[in-house]
Amino acid sequence: MTRLIRFQRLGLLLFLILTGTFFSLMSPYFATWENFTNILVQSSVLIIAGTGMTLVIAVAGIDLSIGAVLALSGIVMAAVMKAGWGVCAGMGLGVLAGGLMGLLNGWGNARLRISAFIVTLGTAGVFRALALIFTDAQPIYGLPMGFRLIGTGRLGVWPLAALLAFAVVGVAYVIVAWTRFGANVRAVGDNPEGAFRMGVPVRRVLMGVYLLSGVTAALAGIVVTARLNTAEAIAGLGMELEAIAAVVMGGTSFSGGEASISGTLLGALIIGTLGNGLTIVNVPSYYQQLVIGMVFILAVMADRMRRQAVKAFQN
Amino acid sequence: MKAKRVMKLIGGLLAAAAVSVPGGITAAHARTTLFEQSRAESFALLGEVSKPKPGFRLGAVLITLANPYWVSMKNGYEHAAEEFGITVDVQAAPQENSTTAQLDILENMVAKGYDAIGVHTITAHNLIPGLVKARQKGIVVVASKRVDLKAAKEAGADPIALGLVDYYAQGKLGAAYIAHELARKGGGEVAIIEGLPGAPQSGARRDGARAGFAAEPSVQIVSVQPADWDRKKAYDVTAGLLQAHPDLKGIMCANDVMALAALEAIDSAGKRGQVLVGGIDLIGQAKEAIAQGRLACSVAFSPYVIGEIVTRSAIAAAMGRKIPDNLRVISVLANKDNIGLMDDWK
């Protein structure tokens, strides 16, 4: 099983390198450190949000509310900072708010037994509406310098936003690979009935997964809010679909039971690199979406062919 | 490409020659279309611009190309670039609310390096980090005044900010026309449909429309609703308005896409012709609707001319010239009486 996933990631890495090489040949402006950090910062939001989404999809769930969670938790942290409580309190309460929103999703899914699609579609509307109501659709801007640094600052040559993304990926990797919770996530996604019989606390695992998805959405909200120096109710519109695309491209199957954090990282980087490179070589925006959409479908098709081949071989 | 332009020119001349003289336009102006007039007046505010050094590269970041308005502006940029012998790259975000994606695009273009970049920001703040990077690289930036200049200065950016469009005046012009038409029939209830709440041009057009209606005592504003610049939302909002206010006589919309959707909703409610609808932007479909007598009016400034003005001022600024503060494009109101003079509008 692990070897299977590794193979998938190798293909993605190869594709990422090929894409990078192609753009480097097409334009002298692509392969510069400045532009490389652009790609990292621009992908960081997708990497962070996609990491949480990976866990959700691993339990055969879905979280359509992360864009709204991103917006509302961003607004919470901005409002707290504007009230003069400081940067740490702002980020802490923002992430807490994201976690609570995630927990609400988990509660609806695990306790009330509403399908993940329905419950998160509903809360997406609720959170987005709360964000609009709370701000009266006005952006909150003019945030403290220390906070803005997360979006625009650097540690040495590395952008802070990218470092945050790498940290999230690292933590998630450890959780998935080496903790009981990680094993339980895969078990629940593979066969919830069987996992329950084996003594896996299915409900608690589900709650935990949606909680983490809310937390990563809020962390992504930190990057977006800090970068734009603005918290607004329309932030993160469509974020959930991009995150799902990154996860699925990374080889985590929609049917659950597997979680490839590094695959999601590569998927997000491929989407980010395509967006960046296509702008640099001046491809019109219509065609950019066309290319990204086609690459996505091709990646999923390649993944399915690989799975079928492996299955045929095993039989 | 060239043949197409010649055909366009011939078409334009024929249209100009065939135009009859409707009310409000004097015979002396009859052969100059409103587009040419608005263009010439707008250019006069800046004055002559000379050709830049060879190899001058201009970038442009628009809001989206999923709307004919921005496509027209792109054409304006490209036409001006050809006229001045420079190259231009025009990029845009996938949607009108993709604030982060638009910043990504600006930063990518700054990494690529240009002599000047024209910037049309989605919100007052979303592009500021990119403007800072452009400043650090010494790229001349011409931006719409929608940018929060105070925040930009604090962050270390210093774009040349142009008013370009007086959105408030546009909303007021359209609403005042609807109010004037309604007043002749005894006035009545009116509503305003605004765009995306929080977007400055949406707010300015809404406030302008409020002022335009308020100036006429016989009309009363019964509702102000957002429809996010979205066709479907505007349709639903209008259907709701007609339910809640059966006597509604007029709707001023913050753009044409929403106004056209409002007309559809009015038709399907069986109230065709009973509600005057005004839009802004004068997109092609709105032009047809005005000619058919369905849409009461649309307020037009030419996005094509904006593309040209920004190109001209970017060139002038890169050569060290000061750009006048009042540089803007002149807006006009198109209605059934003067729509014939708008055949070449773009």
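Protein sequence lines correspond, in order, to chains A and B. The first sequence maps to residues 769 to 1083 in the numbering used here. The second sequence maps to residues -7 to 338 in the numbering used here. Note that CB positions come from ideal geometry on N, CA and C, so glycine has one too.
Cutoff 8 Å: Thr787 of chain A Cβ touching any chain B Cβ: Thr787 of chain A has a beta carbon lying at 8 Å or more from every beta carbon in chain B.
Proximal residues to Val983 of chain A (C-beta, below 8 Å), its chain only, five neighbours per side dropped: Within the same chain, Gly820, Val863, Gly866, Gly867, Gly870 come within 8 Å of Val983 of chain A by CB-CB distance, once the 5 residues on both sides are set aside.
Chain B contact residues for Glu802 of chain A, given Cβ-Cβ distances below 8 Å: Going along chain B in sequence order, the residues near Glu802 of chain A (Cβ under 8 Å) are Ala103.
Spatial neighbours of Glu256 of chain B in its chain, beta-carbon cut-off 7 Å, leaving aside the 5 residues before and after: Answer for Glu256 of chain B: Tyr227, listed in chain order.
Start-to-end residues for the beta strand (DSSP E) that takes in Thr25 of chain B: Thr25 of chain B -> no beta strand (DSSP E), and no H or E assigned at all.
Neighbour flag for Ile78 of chain B against chain A, beta carbons, 8 Å: Output row for Ile78 of chain B: interface = no.
Chain-ordered neighbours of Arg995 of chain A on chain B, where CB pairs are closer than 8 Å: Going along chain B in sequence order, the residues near Arg995 of chain A (Cβ under 8 Å) are Thr92, Leu95, Pro121.
Nearest residue (CA-CA) to Leu98 of chain B, options B:Leu268, B:Lys142, B:Gly51, B:Gln277: Distance check between Leu98 of chain B and each of B:Leu268, B:Lys142, B:Gly51, B:Gln277 places B:Gly51 closest, using alpha-carbon atoms only.
Any alpha helix (DSSP H) of 4 or more consecutive residues that is wholly inside the segment 62 to 134 of chain B: The segment 62 to 134 of chain B is shown to contain whole alpha helix (DSSP H) runs of 4 or more residues at 91 to 104, 120 to 128, in chain order.
Asn873 of chain A at chain B interface by Cβ criterion, 8 Å: False, the Cβ-Cβ gap to chain B never drops below 8 Å.
Completely contained beta strand (DSSP E) runs for the segment 38 to 65 of chain B, where each covers 3 or more residues: The segment 38 to 65 of chain B contains, as complete beta strand (DSSP E) runs of 3+ residues, the segments 49 to 56 (chain order).
Simplified DSSP state of Ala236 of chain B, which is helix, strand or coil: Note: Ala236 of chain B maps to helix in three-state DSSP.
Simplified DSSP state of Tyr909 of chain A, which is helix, strand or coil: Three-state DSSP puts Tyr909 of chain A in a strand.
Three-state secondary structure assigned by DSSP to Pro927 of chain A: Correct three-state label for Pro927 of chain A: strand.
Residue environment, Thr764 of chain A, which counts as buried when at least 16 other CB atoms sit within 10 Å: Since the first residue shown for chain A is 769 and the last is 1083, residue 764 of chain A is missing from the structure and cannot be characterised.
Contacts that Ala72 of chain B makes with chain D (C-beta to C-beta distance below 9 Å): Looking at the structure shown, chain D is missing, and the protein chains on hand are A and B.
Proximity below 8 Å, CB of Thr24 of chain B to CB of Leu996 of chain A: The answer is no: Cβ separation not under 8 Å.
Spatial neighbours of Ala1011 of chain A in its chain, beta-carbon cut-off 7 Å, leaving aside the 5 residues before and after: Apart from the 5 residues on each side of it in sequence, Ala1011 of chain A sits with its Cβ closer than 7 Å to the Cβ of Leu814, Ala817, Gly818, Met821, Ile834 in its chain, given in chain order.
Beta-carbon proximity of Ser294 of chain B to Ile272 of chain B, cut-off 8 Å: Against a cut-off of 8 Å, the Cβ pair of Ile272 of chain B and Ser294 of chain B comes out as no contact.
Contacts around Asp140 of chain B, its chain only, beta-carbon distance under 6 Å, and the 5 residues preceding and following it disregarded: Hits under 6 Å: Ala116, His117.
is_contact[Gln266 of chain B, chain A] using C-beta, thresh 8 Å: No, its Cβ sits nowhere closer than 8 Å to a Cβ of chain A.
Endpoints, the beta strand (DSSP E) within which Ser215 of chain B is located: Segment 211 to 218, the beta strand (DSSP E) holding Ser215 of chain B.
Reduced DSSP category for Leu880 of chain A - H, G, I as helix; E, B as strand; rest coil: In the structure shown, Leu880 of chain A sits in coil (DSSP, three-state: anything other than H, G, I, E or B).
Ala144 of chain B vs Ile114 of chain B beta-carbon contact at 8 Å: Not a contact, by the Cβ cut-off of 8 Å.
Nearest residue (CA-CA) to Met1017 of chain A, options A:Gln1056, A:Ser841, A:Asp1071: Nearest to Met1017 of chain A by alpha-carbon distance, out of A:Gln1056, A:Ser841, A:Asp1071, is A:Asp1071.
Whole-number beta carbon distance between Ala1001 of chain A and Leu889 of chain A, since they are thought to touch under 8 Å: With a beta-carbon spacing of about 18 Å, Leu889 of chain A and Ala1001 of chain A fall beyond the 8 Å limit used to define contacts.
Of the listed residues A:Val970, A:Ala1013, A:Asn1050, A:Ala1027, nearest to Gly1035 of chain A (C-alpha basis): Out of A:Val970, A:Ala1013, A:Asn1050, A:Ala1027, A:Ala1013 has the C-alpha closest to the C-alpha of Gly1035 of chain A.
Residues in the segment 911 to 936 of chain A having any Cβ partner in chain B nearer than 9 Å: Per Cβ criterion, the list reads Arg916, Gly919, Thr920.
Through-space distance from Ile843 of chain A to Val216 of chain B, alpha-carbon basis: Taking the straight line from one Cα to the other gives about 25 Å.
Exposure label - Tyr1055 of chain A; buried when at least 16 CB within 10 Å: By the neighbour-count criterion, in which 16 or more other beta carbons inside 10 Å mark a residue as buried, Tyr1055 of chain A falls on the exposed side.
Sheet register partners of Arg320 of chain B (DSSP bridge): When DSSP reads this structure, Arg320 of chain B sits in a beta bridge with B:Leu156.
Nearest-angstrom Cα separation, counted from Met849 of chain A out to Arg916 of chain A: A straight line joining the alpha-carbon of Arg916 of chain A with that of Met849 of chain A spans about 11 Å.
Any chain B beta carbon closer than 8 Å to Tyr1054 of chain A: Judged by the 8 Å Cβ criterion, Tyr1054 of chain A is in contact with chain B.
Cβ of Thr998 of chain A within 8 Å of any chain B Cβ: Interface residue, yes.
Outcome for Lys224 of chain B when other beta-carbon atoms lying within 10 angstroms are tallied against a minimum of 16: Per the 10 Å Cβ criterion, exposed.
Validate contact between the segment 33 to 53 of chain B and the segment 281 to 289 of chain B using beta carbons, cut 8 Å, 3 pairs: Taking a cut-off of 8 Å on C-beta distances, the segment 33 to 53 of chain B does not touch the segment 281 to 289 of chain B, as fewer than three cross pairs fall below it.
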